[in-house]
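Residue numbers (the working numbering): 240 to 307.
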């Protein structure tokens, strides 16, 4: 089982320009920890929200808006 993130615009359109990292993780926890460390870089790269995928199946979607 592999976990990954799909990067999206605020309207849900995938961001596939190749500038954002394509990481695979062996656990959900590893994927979520990585996102916690890199979400600002993803926003700078054009992502407004992300969807966690388990073997290409969506698990959940969340916004990358800074709550501050």
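Note that the Cβ used here is the ideal one computed from N, Cα and C, for glycine as well.
Determine the DSSP secondary structure at residue i, reduced to helix, strand or coil.
i, result
"residue 245", "strand"
"residue 288", "strand"
"residue 298", "strand"
"residue 293", "strand"
Assign residue i to buried or exposed, taking buried as 16 or more other Cβ atoms, counted over all protein chains shown, within 10 Å of its Cβ.
i, result
"residue 289", "buried"
"residue 299", "exposed"
Under 8 Å, do residue i and residue j count as touching if we go by C-beta distance?
i, j, result
"residue 293", "residue 242", "yes"
"residue 246", "residue 263", "no"
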